[in-house]
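Heads up: the sequence lines are chains B and Y, in that order.
Note that the working numbering has the first sequence beginning at 15, numbered continuously upward.
Note that the working numbering has the second sequence beginning at 7, numbered continuously upward.
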Amino acid sequence: MPPQNTGAEFGKLTNVDQQDAGEDASKQSSKASVFVNTEPMREEQVQNAVKFLSHPKVRGSPVIYRRNFLEKKGLTKEEIDEAFRRVPDSQPSEQTAGANQANTPDIQRPAQSQALQPGVSGSAGVTTLSRTSSRYSFHWSHALVAVGFLVVSGAGTAILIKKSILPRLKSWIRKIVLEEEYNQLESTDSKPTVVEEASKAAKAAAAAAVELAKANQEILTCRNEEKRYFLDAVSLLNQQMQEMKLMTNEIRRLEASSGASYSRREDYQVNQTSSKPFIVNGKRDYGLHSVTSSSQPASVEPSSAPHPKSYMEIMAMIQRGEKPSNIRDIDDSPPNPNQQPSNPRLAPRAKPWEVGQVQHNSTPVFQSQVNGKDLNSSVLDNSDNAVPRWQAKNARIREIDNGVENNGYNAASSQQPIKRTWVPPQPPPVVMSEAAEAIRRPKPLVQKEQILDDQSVHHSSDISDKVMESSELSKSEGQMEGSSTNAVLGSAEILEES
Amino acid sequence: MPVFKTPFNGYSVKFSPFYEDRLAVATAQNFGILGNGRLHVLSLSPNPSQPFTEIAAYDTADGVYDVAWSESHDSLLVAAVADGSVKLYDTALPPTSNPIRSLREHTREVHSADYNPLRRDSFLTSSWDDTVKLWTLDRPSSLRTFKEHSYCVYSAVWNPRHADVFASASGDCTLRVWDVREPSSTMVFPPHELEVLTCDWNKYDDCIIATASVDKSIKVWDVRSFRVPIAVMNGHGYAVRKVRFSPHVRNLMVSCSYDMTVCVWDFMVEDALVSRYDHHTEFAVGVDMSVLVEGLMASTGWDELVYVWQHGTDPRAP
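Laid out in structure tokens, this is it:
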């Protein structure tokens, strides 16, 4: 069983400051805490997450994918944060460090995104990950072994050749010497024979030297060729890697642009196991509707929706790079970007679910349903006998409307057009005074973090890691319980975002 | 029942919170893959021979994926455009003055727009760039950007009873609940094994939220005990694209799906399917229930038709 003391923290484990613990408890008892996870942390889940995060292949992946994986497994934010805290050096800064790691994340990310997106169970995803990346690493070590082998063989052949040439040289010299001796014994001329022999010996030596030189050159060229082959092989491997990276990016882009909801994961069967007692609507036999002649469904896998034929045609056109001919160049930019919206003619109408809701508004009760009534009654007058059914119900709603105060809007009625200025929104109805107290208490730390949060978000909409880092930072400092919307707007004004 | 033919494929339809007879339709050319877009503002008339009048139509360079009516100005609309811009239109101004704003911050297609029904001054947009942005009418730049999802955010909806709380449904298979007063999401859980395409809060019980997904199911959750859904509704043949709770009846909800049907469900009942409408001949992509007229619903789809009908009647009946 998970330890019960974690339950008392109400999921605000990220709060470091102890003095806020008491305030947390009071805030949790207020209405706003309903939308926070109040369940205690499950230790088993945290441990599974720690195992997952400690896996070397997972280390190289972006933090946001690791978090998403854990979220899909059903872990709460607190459990995920706890797991991240327990795994050392699992912060995103790890990715930027080290040239060695620069390669592996690139390889890991496409492999991992492919493994994660299909939503296969965790262990399967990790094993496919390890399989694909092990193939890559295998290639590297294989290349290293090949290089070593080539060098050794080159050295060995050099040695062998040298060994074979030296004896040959020696035998050559011996032969020449022997011949010379033999010639000396036989012949009587000494001087010319000596000279001849000397020249013969010189020639032989030169020839031997030439052969030696040739052999050395051959060795060198062999070595150069081997080196070249090796470099070619390495560059080919690099190219292959680049192409695979590009392909995965393309696939991802294509899938996203075509609307991922249509065809992604529609190959996978969804198994609905009803182990808990909840209301399930019985499955109905369902056959494909016959469609009009303008759009016939294309042949399709069993579980994905059949797209209209013209949809498939357009997709094919786009993929070929053609643009459909019916697109016009439209300039839809605002003619006056500072155009003020026109004054509203009607006051906002209360919603049907707001009837009977207790409101402690300080704003005056706004009875401006008169205009709405006039409008609708005139429309009703126009109809003769058959009042469309959708208008017959109006009476009931309007009666309800008249009795209800407006919630939080200081609007102008059409009787008195007021000059449009931005009016700060009214605070929501206060049900619990303690909550209002907690919200209104100023917290300077809050504003600083709002700025931090907004700044980081503004500068890097693409760099998810950086944002994850900053949101994690602000979470770990975690002083957000006291900020109201006014504080948000106030800090935004300070920032002067552009 | 009135039918309106749009020149482009329909993507979203929303009733006006001010006028019972008014609705907006977001459409995109070429199924929204690549092409222009158009935003229609239609008015229903009792005249049976001409059931629809087009009050305004605004052309955009790229498809319009969603539209939201302002809760403070009866003539203002927010359009979520596929080129990443958020455009504001004022139907009370002449067409040459429109759009009055084009807010360009999202780096990818903006998929949904939702206006705050309580504060009435701010709205959310969610995008395929994994973020949700909070805006007000008077500021040219967003107030906040919520970036935690790791994939496209398909929908962001305000809680109808808590002015600062909203939920976002994403292609990373998670649902996140946020409070704008907090720097990060307050809750996250995986409602489905596959992408979550839509979500909506119950109007009468502030902790109940419905999600629907590519896995063809609709699930209803209580965020206080989010490990087990309150109800699971199967019955759609393909991915469920949009789900909306009824503004008038606590347990009623409507959904539309790629199986071309619009279904009405009562999630507290064993046999939850209340009605099924199969009037569309292509993917049914947008559906809405009127806040002002009980039982009035509208739907649109890739068959370029917009239907408006009363629950319990046949949408195709004249």
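Beta carbons are placed, not taken as given, at the ideal position from N, Cα and C, and that holds for glycine.
As the structure is a computational prediction, the values presented were derived from the model and not from experiment.
### Query
At a CB-CB cut-off below 8 Å, which residues of chain Y make contact with Ser2(B)?
The structure shown does not extend to residue 2(B), since chain B is modelled only from 15 through 512, so no value can be given for it.
### Query
Taking just the CA atoms, how far does Ile233(B) sit from His156(B)?
Taking the straight line from one Cα to the other gives about 25 Å.
### Task
Reducing DSSP to helix, strand and coil, say where Gly112(B) ends up.
Note that Gly112(B) has pLDDT 40, beneath the 50 cutoff, so the model's placement of it is unreliable and no number is given.
### Message
Our contact map puts Thr217(Y) next to Lys225(Y) with C-beta atoms below 8 Å; I'd like the distance itself, whole angstroms only.
### Response
Contact between Thr217(Y) and Lys225(Y) holds: their C-beta atoms lie close to 5 Å from each other, under 8 Å.
#### Entry: Where Lys93(Y) meets chain B, residues with beta-carbon distance less than 8 Å
In chain order: Asp346 and Pro348.
### Query
By Cβ distance below 7 Å, which residues in the same chain neighbour Pro321(Y) in space, the five residues on each side in sequence not counted?
The answer, listed in chain order, is Met7, Tyr283, His285, Tyr313 and Trp315.
### Task
Let me know the secondary structure DSSP gives Asp72(Y) once reduced to three states.
Asp72(Y) falls in the strand class under three-state DSSP.
#### Entry: Three-way DSSP call (helix, strand, coil) for Gly38(Y) in this model
Gly38(Y) falls in the helix class under three-state DSSP.
### Task
Measure the CB-CB distance between Ala304(Y) and Asp294(Y) and report whether it falls below 8 Å.
Yes, the Cβ-Cβ distance between Ala304(Y) and Asp294(Y) is below 8 Å.
### Task
Taking Met295(Y) as the query, report the chain B residues whose CB atoms sit under 9 Å from its CB, ordered along the chain.
Near Met295(Y) there are no residues of chain B at all, since even the closest Cβ is about 11 Å away, more than 9 Å.
### Task
Return the Cβ separation of Ser156(Y) and Asn82(B) in integer angstroms, given the expectation that the two are a contact with Cβ distance under 8 Å.
Between Asn82(B) and Ser156(Y) the Cβ distance is about 4 Å, and since that is below 8 Å, they are a contact.
### Contact set between Thr180(Y) and chain B, taken where Cβ atoms lie within less than 9 Å
Those within 9 Å of Thr180(Y) in chain B are Asn82, Glu85 and Lys86.
### Message
Please tell me whether Val369(B) has its Cβ less than 8 Å away from any Cβ of chain Y.
### Response
So no, Val369(B) is outside the interface.
#### Entry: Local conformation of Pro197(Y) per DSSP, three classes
Note: Pro197(Y) maps to coil in three-state DSSP.
### Task
Count the other C-beta atoms from every protein chain shown that fall within 10 angstroms of the C-beta of Arg250(Y), then say buried if there are 16 or more, exposed otherwise.
Buried, by the Cβ-count rule.
### Query
So, do the stretch 343 to 355 of chain B and the stretch 101 to 110 of chain Y have three or more beta carbon pairs nearer to each other than 8 Å?
Taking one beta carbon from each stretch, the stretch 343 to 355 of chain B and the stretch 101 to 110 of chain Y have 3 or more pairs nearer than 8 Å; the two touch.
#### Entry: Uninterrupted alpha helix (DSSP H) stretches inside the stretch 150 to 208 of chain Y (no shorter than 4 residues)
Contiguous alpha helix (DSSP H) elements confined to the stretch 150 to 208 of chain Y do not occur, taking only those with 4 or more residues.
### Segments of 4+ residues assigned as alpha helix (DSSP H) that fall wholly inside the stretch 207 to 231 of chain Y
Counting only unbroken stretches of 4 or more residues, no alpha helix (DSSP H) element lies wholly within the stretch 207 to 231 of chain Y.
### Query
Which of the three DSSP states, helix, strand or coil, is assigned to Gly292(Y)?
Assigned with DSSP and collapsed to three states, Gly292(Y) falls in strand.
#### Entry: Secondary structure of Ile179(B), DSSP reduced to three states
The three-state secondary structure of Ile179(B), taken from DSSP, is helix.
### Task
Closer than 7 Å by C-beta to Pro253(Y): which residues in its own chain qualify, once you throw out the five before and the five after it? Chain order, please.
Exclusion of the five residues before and after Pro253(Y) leaves Lys209, Met295 and Val297 as the residues of its chain whose Cβ lies within less than 7 Å of its Cβ.
### Query
Taking DSSP as the reference, what is the three-state secondary structure of Met259(Y)?
Three-state DSSP puts Met259(Y) in a strand.
### Message
Let me confirm a value: Pro235(Y) is counted as buried when at least 16 other C-beta atoms fall within 10 Å, else exposed. Which label applies?
### Response
It counts as buried.
### Task
Kindly list, in the order they appear in chain Y, the residues whose Cβ is closer than 9 Å to that of Lys91(B).
Listed along chain Y are Ser190, Ser191, Thr192, Met193 and Val194, each with a C-beta nearer than 9 Å to that of Lys91(B).
### Task
To the nearest angstrom, report how far apart Leu183(B) and Val161(B) are at their CA atoms.
The alpha-carbon atoms of Leu183(B) and Val161(B) are separated by roughly 32 Å.
### Message
Could you pull the DSSP bridge partners for Ser18(Y) from this structure?
### Response
In DSSP, Ser18(Y) forms a bridge with Ala32(Y).
### Message
Just to make sure I have the definition right: I need the residues of chain B whose C-beta is within less than 8 Å of the C-beta of Ala67(Y). Which are they?
### Response
Annotation: Cβ neighbours of Ala67(Y) in chain B (cutoff 8 Å, chain order): Asp343, Ile344, Asp345 and Asp346.
### Query
Taking a cut of 9 Å between CB atoms, which residues from the stretch 25 to 43 of chain Y lie near chain B?
Flagged, chain order: Tyr25, Glu26, Asp27, Gln35, Asn36, Phe37, Gly38, Ile39, Leu40, Gly41, Asn42 and Gly43.
### Message
When you compare the stretch 7 to 26 of chain Y with the stretch 240 to 257 of chain B, are there three or more beta-carbon pairs, one atom per stretch, that lie closer than 8 Å?
### Response
These segments do not touch.
### Query
Tell me which same chain residues have a C-beta within less than 7 Å of the C-beta of Leu50(Y), skipping the five on either side of it?
Leaving aside the five residues that flank Leu50(Y) on each side, the residues in its chain whose CB is nearer than 7 Å to its CB run, in chain order, Pro8, Asp27, Pro57, Phe58 and Val314.
#### Entry: Residue nearest to Met259(Y) in terms of C-alpha spacing, selected from His317(Y), Glu115(Y) and Pro101(Y)
Met259(Y) has its Cα closest to that of His317(Y), out of His317(Y), Glu115(Y) and Pro101(Y).
### Task
Please name the residue, chosen from Thr306(Y), Val84(Y), Glu276(Y) and Arg256(Y), that lies closest to Glu300(Y) on a Cα-to-Cα basis.
Closest by alpha carbon: Arg256(Y).
### Task
To the nearest angstrom, report how far apart Phe129(Y) and Val50(B) are at their CA atoms.
For Phe129(Y) and Val50(B), the gap between their C-alpha atoms comes out near 22 Å.
### Query
When Cβ atoms are compared, which residues of the stretch 243 to 267 of chain Y fall closer than 8 Å to chain B?
Under the 8 Å Cβ criterion, the stretch 243 to 267 of chain Y contributes Gly243, Tyr244, Ala245, Arg247, Pro253, His254, Tyr264, Asp265 and Met266.
### Query
By Cβ distance below 6 Å, which residues in the same chain neighbour Ser91(Y) in space, the five residues on each side in sequence not counted?
For Ser91(Y), same chain residues with a beta-carbon under 6 Å away, outside a window of 5 residues either side, are Ser108 and Arg110 in chain order.
### Message
With a threshold of 8 Å between beta carbons, is Ser156(Y) in contact with chain B?
### Response
Yes, contact with chain B.
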